[in-house]
């Protein structure tokens, strides 16, 4: 009995140290730019989108990053690898600050790459990382979107997970006119900004949504999600969708959502969302903020 209890306690207290970032899509909304370049590598000022995502995960204590790619996504792998020729040239030129920036990219985390060989949906993309995750809790973040929040979104999820020992999803309030773009949660308040998910309604029509709390973007999941994904039948588009798996999980155990504090969502998978991120970060970047702000002030819009 004592041994069983000890094992149970160990399982319950596992640290969240792995993140899965699906990044295997074709990025058709950004064609022709993404014909030869992954959409996740589109730059926001001077860093690709996926680096912002990885940095947020690492800042929350993530040690291993599993990126789900396809045959056309080698540029992502190359970006997080060492580039000895470039490092040598920067060193010879005395560009120490840039050299350190480049070196740090490959040292952010332990990177693992797995291939999604067919476009079977974002749930399937998570499933192909099963063997790397093993029996540990893990974060899911998408390679073309992220939250800018205070405290950081992933940290907020981890805090709730450690308190309730259950899966938790990022939640943000959306305008009633936009509920049809997201998975909307039917919820029961637990405390403060933490809610228990009763069910998730995927992209409901306006007037039919159970709330205006969209659950998306960042997920903290437990390995029991994999059994559901393995048995989940393809739905719209013949694909397997993660929100549907989470909805089924919520009928078997407690699943929570935390309404993120001080959060702004950047959907860089859409052209307008990407441009918003470029403008916001351009205005806050130390190398561009003053000149860019002056330029925008002088625009006759």
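Numbering (my numbering), first residue to last: 109 to 409.
Ideal placement from N, C-alpha and C gives every residue a C-beta, glycine not left out.
The structure displayed is predicted, hence computed values, not measured ones.
Short check: CB of residue i to CB of residue j, under 8 Å?
i	j	result
residue 354	residue 152	no
residue 141	residue 174	no
residue 218	residue 164	no
residue 294	residue 282	no
residue 339	residue 262	no
residue 149	residue 187	yes
residue 313	residue 343	no
residue 195	residue 211	yes
residue 266	residue 240	no
Does the Cβ of residue i have 16 or more other Cβ atoms within 10 Å, making it buried, or fewer, making it exposed?
i	result
residue 359	exposed
residue 245	buried
residue 201	exposed
residue 330	buried
residue 167	exposed
residue 224	buried
residue 405	exposed
residue 257	buried
residue 132	buried
residue 389	buried
residue 401	exposed
residue 209	exposed
residue 403	exposed
residue 203	exposed
residue 176	buried
For the alpha helix (DSSP H) that contains residue i, what are its first and last residues?
i	result
residue 182	182-187
residue 262	261-272
residue 351	350-358
residue 406	Residue 406 -> no alpha helix (DSSP H), and no H or E assigned at all.
residue 374	Where residue 374 is concerned, there is no enclosing alpha helix (DSSP H), although the beta strand (DSSP E) it sits in stretches over 371-375.
residue 158	157-167
residue 138	Taken as a continuous stretch (DSSP letters only), residue 138 belongs to no alpha helix (DSSP H), as it is neither H nor E.
residue 380	379-392
residue 237	Residue 237 -> no alpha helix (DSSP H), and no H or E assigned at all.
residue 226	No alpha helix (DSSP H) holds residue 226; DSSP gives it neither H nor E.
residue 210	204-214
residue 338	333-339
State the CB to CB distance for the pair residue i and residue j, rounded to an integer number of angstroms; the pair is presumed to be in contact (CB under 8 Å).
i	j	result
residue 236	residue 222	5 Å
residue 162	residue 269	At roughly 20 Å, the Cβ-Cβ gap does not stay under 8 Å, so residue 162 and residue 269 are not in contact.
residue 347	residue 232	7 Å
residue 137	residue 291	Rounded, the Cβ-Cβ distance is 19 Å, inconsistent with contact.
residue 189	residue 214	6 Å
residue 371	residue 254	So it is not a contact: roughly 10 Å between Cβ atoms.
residue 81	residue 349	This structure does not reach residue 81, given that the chain is present from 109 up to 409, and the question cannot be answered.
Between the options, which lies nearest to residue i when the distance is taken from Cα to Cα?
i	options	result
residue 357	367, 333, 369, 379	333
residue 302	338, 368, 138	368
residue 305	143, 342, 210, 278	278
residue 365	407, 345, 307, 402	307
residue 144	285, 183, 155	183
residue 275	250, 328, 216, 398	328
residue 319	325, 280, 338, 340	280
residue 238	130, 259, 297, 155	130
residue 90	316, 324, 198, 351	Here the chain has residues from 109 to 409 only, and residue 90 is not among them.
residue 361	407, 205, 272, 345	272
residue 363	243, 374, 296, 391	296
residue 134	227, 259, 170, 156	227
residue 216	178, 260, 159	159
residue 284	299, 315, 154, 203	315
residue 156	382, 243, 394	382
residue 260	122, 397, 170	170
For the beta strand (DSSP E) containing residue i, name the first residue and the last one.
i	result
residue 328	321-329
residue 223	218-223
residue 199	Here residue 199 belongs to no beta strand (DSSP E); instead the alpha helix (DSSP H) covers 192-200.
residue 291	291-299
residue 126	126-130
residue 308	302-310
residue 277	276-281
residue 367	364-367
residue 396	Run containing residue 396: none; DSSP gives neither H nor E here.
residue 175	172-177
residue 257	253-257
Is any beta-carbon of chain C found at less than 8 Å from that of residue i?
i	result
residue 408	The displayed structure is made up of one protein chain only, and chain C is not part of it.
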